[in-house]
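Before any comments, here is the structure.
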Amino acid sequence: MAVLAAEFVKLRSARSTFVVLGLVAVVAALGLLMAVNGANAWDEAGSAADRRRWEAAGAIEQVFLLPFWQLCLAVLGALAITPEYGTGMIRTTLAAVPRRGAVLAAKAGAVGALTLAAGAAAVAGTHFAVRSVLGDRPFDAYTAPMAETLPLLAALAASAAAAGLVGLGAGVLLRSTAGAIVTAVALVYALPMVARFLPDPWAERVSAVTLTGLPAEVAGTAPDPVLEPAAAGAVLAAYALAALAAGAVALVRRDA
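Numbering-wise (our numbering), the sequence shown opens with residue 13 and increments by one.
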């Protein structure tokens, strides 16, 4: 527990943590502006067909904001370890806690808790703010009962936390902030983009198992689900576990 507490202190004392969390909040604010624009466009629509196009648009926090949040929190995860390699502080950390696996587990616990909390706050805050802006306008994504909406919100928050742990694992493995960010960009943006150009049925299958596609599969809200919710949850967890496992092997086998 002392090691975990120390990692929380490191995160809290790092300026980069607050910068990244500030960016998460900025992205949420942009989502609110998008909601205002959508509401105004719906009000000014000249026909029922035009209004229907706006009503059928997906949830802002899922379709537009999630990739940005995932990237931000992946960067936060990377910055939980890479500066220690850059300054040499990692040697002090490992001298204080010789069990390297325990160090990584503590970092994963701290990063996972913080990114899950940040993701949940951003997702839920944005969703309820957008609901407030839209009022009684019948946008499909914001008229469903909360009992049906909560699983998706939880899955979105979990995917943000998974991205944070992927960033941590990549940071340990690559010992480079830039390398970890490139890895996150590849997973969050490049892979879904490449998936769109694959032939059927692979485009749909690959899209479903990306970090941005998995939340709908986990929540069971995908229009044409590829995975059962439990299987999708396992795939989401596998992203984080695979990254952390690769990082653990590198941390144990390589000199600091």
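All C-beta atoms, glycine included, are put in the ideal place defined by N, C-alpha and C.
Around the C-beta of S25, fewer than 16 other C-beta atoms lie within 10 Å, and the residue is accordingly described as exposed.
Relative to T94, the option among R208, A129, G183 whose CA is nearest is G183. Every alpha helix (DSSP H) of 4 residues or more that sits fully in the region 115-197 is shown, in chain order, as 158-186, 189-197. If you ignore the 5 residues before and after L177, its C-beta comes within less than 7 angstroms of the C-beta of G89, A120, V123, G124, A252, A255, L256, all in its own chain and listed in chain order. For G70, the CB contacts under 7 angstroms within the same chain, skipping 5 residues up- and downstream, are A153 in chain order.
Under the DSSP assignment, L35 falls in the alpha helix (DSSP H) whose first and last residues are 27-56. CA-CA distance, A129 to F20, rounds to 13 angstroms. By the criterion of a C-beta distance shorter than 6 angstroms, G232 is surrounded in its chain by P241, once the five residues flanking it on both sides are discounted. For V142, the number of other beta carbons within 10 angstroms of its own is at least 16, and it is reported as buried.
Rounded to the nearest whole angstrom, the CA to CA distance from M46 to I72 is 8 angstroms.
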